[in-house]
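Protein chains in written order, with the numbering used here: chain U, 115 to 881; chain P, 53 to 318.
Note that CB positions come from ideal geometry on N, CA and C, so glycine has one too.
These notes are about the structure you will find just below.
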Amino acid sequence: MFKFSLVEFSIRRPKRVIWATVALVLLFLTQFPRIQTDTNPKHMLPETSDVRLWNDEVDRTFALYEDTIVVGVANDTGVLNRETLGRIARITDEILKLEGVASRDVNGFTTITNVTVEAGTLKVGPLMPGAPKTEAEVEALRGALFGNPLLVDRVISKDGKTTAIYVPLEKGANGAVIADKIRAIVAGEKGTERYYVAGDPVARDTFGAEMFKLMGIFSPIAGMIMFIAIQLMFRNLSLSFTMMGVAMAAIILSMGTLIGAGFPVHIMSSMAPVFLMAIATDSIHIFNEFYFRYREKHDKLAAIRETMAAVSRPVRFTALATTAGFAVLLFMNIVPVQVFGGLIAFGTVVLRLFSFSLIPAILTFVKEEKIAKAAQNESAELDRTARFLRRIAEVGATRPLVTALVGLALVAAAIAGAAQIHVNNNLVAWFKPSSEIRVADTAMNQALGGTSLGYLVVNGGEAEFLKRPEAMRWLEGLQRHLETMPVVGKTFSVADYVKRINRVLHDDDPKFDAVPETADTVGQYLFLFSMSAKPADLDNVVDPTFQKANLWVQLKTWDAEAMRQVIHAAQAYQDAHPLAATVKPAGIAYFNLVWNDEVLGDLVLGLGLALVVVFIILALDFRSAKWALVAYVPLLFTILLIYGVVGFVGKDFDMPLSVMSTLSLGMAVDFSIHFISRLRQRLVESGGATDEAAVREALLWTAARPGKGILRNALLFAAAFSVMLFAPLTPYMAVGAFIVSMMLISALLTILYLPALVMLGRKRLFD
Amino acid sequence: MKRWWIRIIVALLPLVLASQAWAFTGEEVMRKSQAAFLYPGKDFKARVVMKLINKDGQERVREMTMLRKNTGDAGGDQKYFMYFFQPADVKEMAFMIHKYPARDDDRWMFIPAINMVKRIAAQDKRSSFVGSDFTYEDVSGRDIEDDTHALEREEKVGSRDCYVVKSTPKGADADFGSKTTWVDKANFLPLKEEQSDKKGARYKQFSADEVTNVKSIPTVVKRTMKNLQTGHRTEVAYLKTDYDLGIEDSLFSERFLRQPPRKWVE
Numbered sequence: 115m116f117k118f119s120l121v122e123f124s125i126r127r128p129k130r131v132i133w134a135t136v137a138l139v140l141l142f143l144t145q146f147p148r149i150q151t152d153t154n155p156k157h158m159l160p161e162t163s164d165v166r167l168w169n170d171e172v173d174r175t176f177a178l179y180e181d182t183i184v185v186g187v188a189n190d191t192g193v194l195n196r197e198t199l200g201r202i203a204r205i206t207d208e209i210l211k212l213e214g215v216a217s218r219d220v221n222g223f224t225t226i227t228n229v230t231v232e233a234g235t236l237k238v239g240p241l242m243p244g245a246p247k248t249e250a251e252v253e254a255l256r257g258a259l260f261g262n263p264l265l266v267d268r269v270i271s272k273d274g275k276t277t278a279i280y281v282p283l284e285k286g287a288n289g290a291v292i293a294d295k296i297r298a299i300v301a302g303e304k305g306t307e308r309y310y311v312a313g314d315p316v317a318r319d320t321f322g323a324e325m326f327k328l329m330g331i332f333s334p335i336a337g338m339i340m341f342i343a344i345q346l347m348f349r350n351l352s353l354s355f356t357m358m359g360v361a362m363a364a365i366i367l368s369m370g371t372l373i374g375a376g377f378p379v380h381i382m383s384s385m386a387p388v389f390l391m392a393i394a395t396d397s398i399h400i401f402n403e404f405y406f407r408y409r410e411k412h413d414k415l416a417a418i419r420e421t422m423a424a425v426s427r428p429v430r431f432t433a434l435a436t437t438a439g440f441a442v443l444l445f446m447n448i449v450p451v452q453v454f455g456g457l458i459a460f461g462t463v464v465l466r467l468f469s470f471s472l473i474p475a476i477l478t479f480v481k482e483e484k485i486a487k488a489a490q491n492e493s494a495e496l497d498r499t500a501r502f503l504r505r506i507a508e509v510g511a512t513r514p515l516v517t518a519l520v521g522l523a524l525v526a527a528a529i530a531g532a533a534q535i536h537v538n539n540n541l542v543a544w545f546k547p548s549s550e551i552r553v554a555d556t557a558m559n560q561a562l563g564g565t566s567l568g569y570l571v572v573n574g575g576e577a578e579f580l581k582r583p584e585a586m587r588w589l590e591g592l593q594r595h596l597e598t599m600p601v602v603g604k605t606f607s608v609a610d611y612v613k614r615i616n617r618v619l620h621d622d623d624p625k626f627d628a629v630p631e632t633a634d635t636v637g638q639y640l641f642l643f644s645m646s647a648k649p650a651d652l653d654n655v656v657d658p659t660f661q662k663a664n665l666w667v668q669l670k671t672w673d674a675e676a677m678r679q680v681i682h683a684a685q686a687y688q689d690a691h692p693l694a695a696t697v698k699p700a701g702i703a704y705f706n707l708v709w710n711d712e713v714l715g716d717l718v719l720g721l722g723l724a725l726v727v728v729f730i731i732l733a734l735d736f737r738s739a740k741w742a743l744v745a746y747v748p749l750l751f752t753i754l755l756i757y758g759v760v761g762f763v764g765k766d767f768d769m770p771l772s773v774m775s776t777l778s779l780g781m782a783v784d785f786s787i788h789f790i791s792r793l794r795q796r797l798v799e800s801g802g803a804t805d806e807a808a809v810r811e812a813l814l815w816t817a818a819r820p821g822k823g824i825l826r827n828a829l830l831f832a833a834a835f836s837v838m839l840f841a842p843l844t845p846y847m848a849v850g851a852f853i854v855s856m857m858l859i860s861a862l863l864t865i866l867y868l869p870a871l872v873m874l875g876r877k878r879l880f881d
Numbered sequence: 053m054k055r056w057w058i059r060i061i062v063a064l065l066p067l068v069l070a071s072q073a074w075a076f077t078g079e080e081v082m083r084k085s086q087a088a089f090l091y092p093g094k095d096f097k098a099r100v101v102m103k104l105i106n107k108d109g110q111e112r113v114r115e116m117t118m119l120r121k122n123t124g125d126a127g128g129d130q131k132y133f134m135y136f137f138q139p140a141d142v143k144e145m146a147f148m149i150h151k152y153p154a155r156d157d158d159r160w161m162f163i164p165a166i167n168m169v170k171r172i173a174a175q176d177k178r179s180s181f182v183g184s185d186f187t188y189e190d191v192s193g194r195d196i197e198d199d200t201h202a203l204e205r206e207e208k209v210g211s212r213d214c215y216v217v218k219s220t221p222k223g224a225d226a227d228f229g230s231k232t233t234w235v236d237k238a239n240f241l242p243l244k245e246e247q248s249d250k251k252g253a254r255y256k257q258f259s260a261d262e263v264t265n266v267k268s269i270p271t272v273v274k275r276t277m278k279n280l281q282t283g284h285r286t287e288v289a290y291l292k293t294d295y296d297l298g299i300e301d302s303l304f305s306e307r308f309l310r311q312p313p314r315k316w317v318e
């Protein structure tokens, strides 16, 4: 009875409730300036996850950098001319001076290690120490570039039109600031060259900016749209303000708590304001009922009390279901999803507390004549919307069997579609095709070896293992095998250095472009190389004890599946050519694969959990498993339909969509709860008869009156999320589309199929 | 012409050393330091053990015999001969440098596995010496004229009084932006050196960890170079150090690179 006393308290002391809320909101608002975003895809999985620990270990073993900015330089007439090379040299020089750049390991024309032989002298050193001054020097550079397979597809495209400067960053460096400085450096160069500034730090930064855009621009627009929609529905400004005020207060309390507790905002939680705004629309049922009641009684306080009494149970249970739907996310493996689940669950609880305190408090201030004026239109008999809803329910209630059979056919089709769903998270595809990131990624992928990087760590289990010629040749064979795959652009290993040195020592004779015969020769070659090369050159591909080699695999796509193909290919190669070594994948491409599989696992787990939890809540609410089953149908039906469409369309089923499908259970079930609760209430209020005519009449009444609340709720929800269809990142768009269609479809299916099912199962339900 | 000047200055060195009241310039300190650190004796031999240690503490060992012979005075030409013992698979590899202060060195490497002597281009004195944190310049010296040297102050390192000299490259060819050297006032050995990169950030740090007299020549027998940015460091110990052994000039030739006399490399 706590809720009732809360309502009473709020009606008696409305001012106190309002001022307390305002104070609370201001208090939580103070946390906002401390906001931090986290756009690092690695943080999708916890720090202690195997893949992150392993990747960190690989980074350490092979002295790899966590972050690298790639600067692409393209010239349609070729980059190998004095002007462009001069620019590249100047740009590289400027980049080397930037704070936070690991200058010693920047690789571009002027800094990358080249191994050549000139007039019998072995030369290991920077490819182009300074910009060429004569045409002859340019031609010599061209010869050096295309004569060294280590450089082709890495710093020069096969057509000679694109080059890249790889700029690794020191730990803790601000990638966004450095990328900006690099943009300023290239902007200072006049000429026909095109420049691309890409890489993880740039992507993260762009991502962060888009997240702020979503929170700062799209969320307020969503709020405006909802405000207008509410105003159109109720034609009462103070009511519209109440709804929005409640939503805003809940958003500020939730986000304030998140920020105050020190959590950074991820892609998922950046959507929280829109979600909370939409969830706040559940209080539409309170207003909806209040209008009807006021019209009947013309006593404001009594109407408030009665409204709260009538809707309290469904509102409480829908809130419970929504909370549970989001709380299920706490059991997921993906960190941002957990945070998001906790955040929205918290926000939903806050919203419901407001439903029983702030809303009744504000209602006491609404002028009676205004309510009277607005409520005039609120009549289930007169209202066009209400009549429309009644007609839909009539179809279900009078032709239940046909309706059910049509539904079954649709379900079958949807299952066929859902079977074609393929789970894939492609982080680059999260940006729109016209975005700077996608453009740069596409251009660099076409010109060079591939932007998505995976590693295969070959571990021979004992020191010096890799100096054995058979191990070297095995590595080389594995590379050639991988390079036959369409997704693989370029591979790179210590064997490439060994072959290169062998050839160069023998006066560039192609016959010697091979792994030499003895381990000592390999050892001496690499020693010779390490005497003049940058330490990182060898460290990146082999550990100091020569026990482990790191084979670099550049992929042409960020699709998670690409790395799986590489792993399978490596396995197949090992089966065909056994070697006493293990091969373990690593790198960002591997991380994406693991994460992708976690998303799939989470999807199955989350859906399963949500289905169970929601069923339990329904069964508790209705005190009947049978009613719970009935209420379940529109819900499952909706989700299956959407999965079917996703499958047929061929859209990647990614993390945001997978999260949405879990959540949608908790949100879409609201409609069933409202419908069935009010239906049964109505049957009791109208005398308790459960014969066919009485049930049908009650169904039609429910469809027309609380049904209108359901429709309004769905429309508001959809209106809020429709904004996200125009959002700058594709996951936001996908979420927007998902929620809009889910809300509309589930509202429709609730009003159509619940009557059909209730009529079909009437005898069993009311026995 | 330059050589001539150097000779004069070197010839005057004993005088300079004798007079404590003499106020040195930074350049003079560095010149004397170079002579004391890299040019003592007519020739020199040591068994050098280098430990290359990464930031996780993993060690790689390089062990070699190093021979040096001055062909001129301090600051002049030198010849180096290095014969490797470790890592095991590079045993018998030999490396020879003819060092000329004002121009590129000549370098040769003998690769026993394919029985080949190869000339190696010396385009980059800044590159790492056998994979260690020392560059070729750190090992065999940098031309004094390449930098401007300013005597900044006097300071103690441990119990030793030192000159503190800041050296700034005149050209852009150095791998550092500036370096500061603490030079022992008594024997002119560099006891400490701090290098900054071109952005002014701390880059590398040298320390002379142990100094002993060998044939009454103060010699740094233990030294460390640490890369402060990568956490990688190299510890070097000079064992069996000796001076003025009478190493023949003919040793520093391609023929002996393939088959050096036992007595010199063991």
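Runs of alpha helix (DSSP H) with 4 or more residues, each lying fully within the segment 261 to 334 of chain U, are found at 289 to 301, 314 to 327, listed in chain order.
Between Phe-767/U and Ile-535/U a beta carbon distance of about 5 Å is seen, short of the 8 Å cut, so the two are scored as contacting.
Identification of residues in the segment 634 to 665 of chain U having a C-beta nearer than 7 Å to some C-beta of chain P yields Asp-634, Thr-635, Gly-637, Gln-638, Phe-641, Leu-642, Ser-644, Met-645, Ser-646, Pro-649, Pro-658, given in sequence order. The shortest CA-to-CA distance from Trp-133/U to any of Phe-789/U, Gly-456/U, Ala-475/U is the one to Ala-475/U.
Distances from the alpha-carbon of Arg-310/P to those of Ser-192/P, Asp-129/P, Phe-136/P put Phe-136/P closest. Between the segment 228 to 235 of chain U and the segment 524 to 540 of chain U, the count of Cβ pairs shorter than 8 Å is below three; the stretches do not touch. Boundaries of the alpha helix (DSSP H) harbouring Asp-555/U: 550 to 561, taken from the DSSP string. Contact annotation, Ala-663/U with Ser-566/U: C-beta distance approximately 20 Å; criterion of less than 8 Å not satisfied. Close partners of Gly-234/U in chain P (Cβ separation under 7 Å): Arg-171. Within 7 Å of the CB of Glu-307/U, no CB atom of chain P is found; the nearest one sits about 24 Å away. Leu-665/U sits in a strand when the DSSP states are folded into three classes.
For a Cβ distance threshold of 7 Å, nothing in chain P lies close to Leu-693/U: the least Cβ distance comes to about 20 Å.
Between Phe-660/U and Leu-580/U, the CB-CB gap stays under 9 Å. Between Thr-206/U and Leu-241/U, the alpha-carbon positions lie close to 13 Å from each other.
For Phe-643/U, the enclosing alpha helix (DSSP H) stretches over residues 633 to 646.
Taking the beta carbon of Gln-110/P as reference, the chain U residues within 7 Å of it are Pro-658, listed in sequence order. At least one beta carbon of chain P lies nearer than 9 Å to the beta carbon of Gly-239/U.
In this structure Thr-182/U is in contact with Val-281/U, their Cβ atoms being roughly 6 Å apart against a cut-off of 8 Å. About 6 Å separates the beta carbon of Tyr-255/P from that of Phe-228/P, a gap short enough to meet the 8 Å contact definition.
For the segment 597 to 620 of chain U, residues whose beta-carbon sits nearer than 8 Å to a beta-carbon of chain P comprise Leu-619. A straight-line Cα-Cα distance of about 42 Å links Lys-274/P and Glu-590/U. Distance from the CA atom of Met-340/U to the CA atom of Phe-831/U, rounded to whole angstroms, is 8 Å. A Cβ-Cβ separation of about 6 Å places Thr-198/U in contact with Glu-307/U under the 8 Å criterion. Just so you know, the alpha carbons of Val-235/P and Leu-241/P end up roughly 6 Å apart.
With respect to the C-alpha of Ala-224/P, the residue from Val-311/U, Leu-353/U, Leu-210/U having the closest C-alpha is Leu-210/U. Taken atom to atom, the span from the alpha-carbon of Leu-829/U to that of Met-857/U is near 8 Å.
For Met-168/P, the number of other beta carbons within 10 angstroms of its own is below 16, and it is reported as exposed.
With a beta-carbon spacing of about 5 Å, Met-873/U and Ala-511/U fall inside the 8 Å limit used to define contacts. At a cut-off of 9 Å between beta carbons, Lys-581/U contacts chain P. Contact between Thr-356/U and Lys-822/U fails: their C-beta atoms lie close to 19 Å from each other, not under 8 Å. By the C-beta density criterion, Glu-180/U is buried, having at least 16 other C-beta atoms within 10 angstroms. For the pair Asp-296/P and Lys-94/P, the CB atoms are nearer than the 9 Å cut-off. By alpha-carbon distance to Ser-426/U, the top candidate from Glu-403/U, Phe-445/U, Leu-596/U, Val-480/U is Glu-403/U. Separation of the CB atoms of Val-388/U and Leu-465/U is rounded to 14 Å, and the pair is thereby denied contact status at 8 Å.
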